[in-house]
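For the sequence shown, my numbering begins at 1 and goes up steadily by one.
Glycine is no exception: its CB is placed at the ideal position from the N, C-alpha and C atoms.
Nothing here was measured: the structure is a model prediction, and the numbers come from that model.
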Amino acid sequence: MRNNLTFVQMSKRKTIIVVGVLFLIVGLFWIIPKPRPAAKGDVIFGGKLRFSSAESFSVLFPLSSNTLDYHRVQQLIYEPILVAADNSRGWNYNLANHITASANHKEITISLRQDVYFATDACFRFESRELTADDLAFTLSYACSNEIENQQEHLLIELIEGADRFFQNKENPLEKTVSGIKIIDPYTLKIALTGSYNHFLPLLSNNSLGVLSKTAASYYQNNFIDHPIGTGAFYLDSKSKGILLFKRNKDYWKKDRFGNQLPYLDEVEVCTGVSGANEHRLFSENKSDLLFDLPVNQLQSAFGTLQDAQKGKNPLHEVYIRPSSKIHYIYFNALKKPFDNPAVRKAFSLVIDPVQICMNDLNGEGSPMQGKFIPVRKGYKNELLLTLQKSKTAEGSRNEAKLLLSKAGFDKNHPFPIVNLAVNGDKNGVAAAWCRAIQKMLKDQLNIKVVLLYNEQTKNLSSQKDIDIWRGGWVGDYPGGESYLRLFYSAAQKPMFYKNQKVDNYYLSSIFADAQSPSHKLYQKLCEKEIIEDNALIPIYTEDFFVLNKLTVRGFELEESGIVDFSKIYLKPI
Numbered sequence: 001m002r003n004n005l006t007f008v009q010m011s012k013r014k015t016i017i018v019v020g021v022l023f024l025i026v027g028l029f030w031i032i033p034k035p036r037p038a039a040k041g042d043v044i045f046g047g048k049l050r051f052s053s054a055e056s057f058s059v060l061f062p063l064s065s066n067t068l069d070y071h072r073v074q075q076l077i078y079e080p081i082l083v084a085a086d087n088s089r090g091w092n093y094n095l096a097n098h099i100t101a102s103a104n105h106k107e108i109t110i111s112l113r114q115d116v117y118f119a120t121d122a123c124f125r126f127e128s129r130e131l132t133a134d135d136l137a138f139t140l141s142y143a144c145s146n147e148i149e150n151q152q153e154h155l156l157i158e159l160i161e162g163a164d165r166f167f168q169n170k171e172n173p174l175e176k177t178v179s180g181i182k183i184i185d186p187y188t189l190k191i192a193l194t195g196s197y198n199h200f201l202p203l204l205s206n207n208s209l210g211v212l213s214k215t216a217a218s219y220y221q222n223n224f225i226d227h228p229i230g231t232g233a234f235y236l237d238s239k240s241k242g243i244l245l246f247k248r249n250k251d252y253w254k255k256d257r258f259g260n261q262l263p264y265l266d267e268v269e270v271c272t273g274v275s276g277a278n279e280h281r282l283f284s285e286n287k288s289d290l291l292f293d294l295p296v297n298q299l300q301s302a303f304g305t306l307q308d309a310q311k312g313k314n315p316l317h318e319v320y321i322r323p324s325s326k327i328h329y330i331y332f333n334a335l336k337k338p339f340d341n342p343a344v345r346k347a348f349s350l351v352i353d354p355v356q357i358c359m360n361d362l363n364g365e366g367s368p369m370q371g372k373f374i375p376v377r378k379g380y381k382n383e384l385l386l387t388l389q390k391s392k393t394a395e396g397s398r399n400e401a402k403l404l405l406s407k408a409g410f411d412k413n414h415p416f417p418i419v420n421l422a423v424n425g426d427k428n429g430v431a432a433a434w435c436r437a438i439q440k441m442l443k444d445q446l447n448i449k450v451v452l453l454y455n456e457q458t459k460n461l462s463s464q465k466d467i468d469i470w471r472g473g474w475v476g477d478y479p480g481g482e483s484y485l486r487l488f489y490s491a492a493q494k495p496m497f498y499k500n501q502k503v504d505n506y507y508l509s510s511i512f513a514d515a516q517s518p519s520h521k522l523y524q525k526l527c528e529k530e531i532i533e534d535n536a537l538i539p540i541y542t543e544d545f546f547v548l549n550k551l552t553v554r555g556f557e558l559e560e561s562g563i564v565d566f567s568k569i570y571l572k573p574i
């Protein structure tokens, strides 16, 4: 009897051990990451891509900033419902799979894809991660809110019914939705517009309108922006000491033409707050795979580095050149004396020579802009050929400028006041180089003293309204000329620096006209012409994007806006 009991006990123990081992095997099966199947085609899965950024990021939130550096990084996580495209309408579907407009174009119905999920996060423990119309309604309402993190409210508050009231009443987008936004079903949204705007749909391709998770916002509340969660190809895994590590979103919805699930890469590492010189050093020391926005004054050294690389001294790389839609310009605080006087602005325009700046200070790399400021880009071909009323000789331009200043009340007895110019950059950058050229032109030609204000000095000012002139750089954040004209539409400025009733009227007429009609192009042309002739700005040049990329980096493509689709990049040994 004792032996039988011992046998039974031993059998039970064996059974428990076997079951335990089975549970352990099953558990390990689910816990241990499963390798992806081999990639089809000539692409390769895996690896880490590294690049650096001059800008420091304290948060990653689509609506917080509108700089190119910022959008390059945050769009690893967040996606808009449409993407810019080189076609007649200027966009393609992305998170949306169908859009219809009412007969009067004042009501837009958006249907979302039903296979999109937010990246895994603790906030979805008892909630679905699927993208729904509720998330899109929350995102658009947040973009119309008075929340401190929303720095892009000018995009939508005039366009959607009830948005301006929503903003003025400081409504909470978690608790309320803009009245003009209605959820029809879990995947369908209807938007009532205040007018039949032809640029509303292209505007939805703006990276600032990357879709947010309402569930995440509700879960994290005041700490929402510290937990970036999107539908993009990557998610933020960690951040420390200026290094952001992004990992592959295994549930990402996009596939390539071979059926491979994107992204190809496992990780993307971004080193933030790195100065230009240090960015180049990291690349040369094989600590970075991409070097973005190579300044024109460093091109010669970059090609020198290429020659060294061929001798085995540095990583093998190539120079990627992409024509861009980026403009550089000077613009005035036209609401502040003496630049509220058009004659003064014109005098400055007469003696600032973009051709000389491009030849002498940009080493011939920039393309001078004269007579227009909207570059040719997707969805827009600028046909404006404005002949400026500018004397043919430097002496004639100087004399005309002096006469204008004299009529404005400035002469030997009443000298022109000292002018400050905000460079919006550091002392060693390209912007500083050509701003110094402008400083010299104004001193030599009109004996006007200009003080250059660099980044830190600008931050120390009590208000942006204290600045006389700014150095501006702009890439249209969605297709078409409207994204450039909007810079000078008074209601979209923050803070307001220029107001011209003709410009405002032409601008509004252009966005209400049928997008394919002759009147649409006419109003845009008239708007740009009035801005130029009123000397609201002095266009200086357009530039190409120069990027250094290692030869191991494949699938790299830069949009004319400067944005990169990191999901399609892969690493392949030479």
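Here DSSP, grouped into helix, strand and coil, assigns residue 323 to strand. DSSP links residue 475 through a beta bridge to 326.
Less than 9 Å divides the Cβ of residue 352 from the Cβ of residue 540. Within 10 angstroms of the beta-carbon of residue 451 lie fewer than 16 other beta-carbons, which makes it exposed. Partner residues in a beta bridge of residue 120, as assigned by DSSP, do not exist. Residues 372, 374, 376 of the same chain have their beta carbon placed closer than 6 Å to that of residue 382, with the five preceding and five following residues left out of the count. Our two residues, residue 203 and residue 479, have alpha carbons roughly 8 Å apart in a direct line.
Contact between residue 327 and residue 188 is absent: CB atoms are separated by about 38 Å, not below the 8 Å threshold. Taking the Cα positions, residue 536 is about 29 Å away from residue 54. Shown here, residue 199 sits in coil according to DSSP, grouped into three states, outside any helix or strand. Residues of the same chain with a CB within less than 7 Å of the CB of residue 494, apart from the 5 flanking positions on each side, are 154 in chain order.
Judged by DSSP in its simplified three-state form, residue 220 adopts helix. Residue 504 and residue 490 have their C-alpha atoms some 7 Å from each other. As summarised for the segment 464 to 524, the continuous beta strand (DSSP E) elements at least 3 residues long and confined to that stretch are 469 to 475, given in chain order. Beta-carbon to beta-carbon, residue 211 and residue 73 are separated by about 17 Å, too far to satisfy the 8 Å threshold. Just so you know, the alpha carbons of residue 186 and residue 131 end up roughly 9 Å apart. Residue 190 has its alpha-carbon roughly 10 Å from the corresponding atom of residue 100. Here the alpha carbons of residue 549 and residue 225 stand approximately 32 Å from one another. The three-state secondary structure of residue 261, taken from DSSP, is strand.
The segment 512 to 519 makes no contact with the segment 239 to 247, as fewer than three CB pairs between them are under 8 Å.
Excluding five sequence positions before and after residue 423, the CB atoms of its chain that fall closer than 6 Å to its own CB belong to 431, 432, 435, 452, 454, 471, given in chain order. Sequence-distant partners of residue 183 (beyond 5 residues in either direction) whose C-beta falls short of 7 Å from its own C-beta, in its chain, are 133, 134, 137, 189. Linking residue 75 to residue 341 through their CA atoms gives a straight-line distance of about 42 Å.
With respect to the 9 Å criterion, residue 284 and residue 71 are not classified as neighbours on the basis of their beta carbons.
In this structure residue 355 is exposed. Its beta-carbon is surrounded by fewer than 16 other beta-carbon atoms within 10 angstroms.
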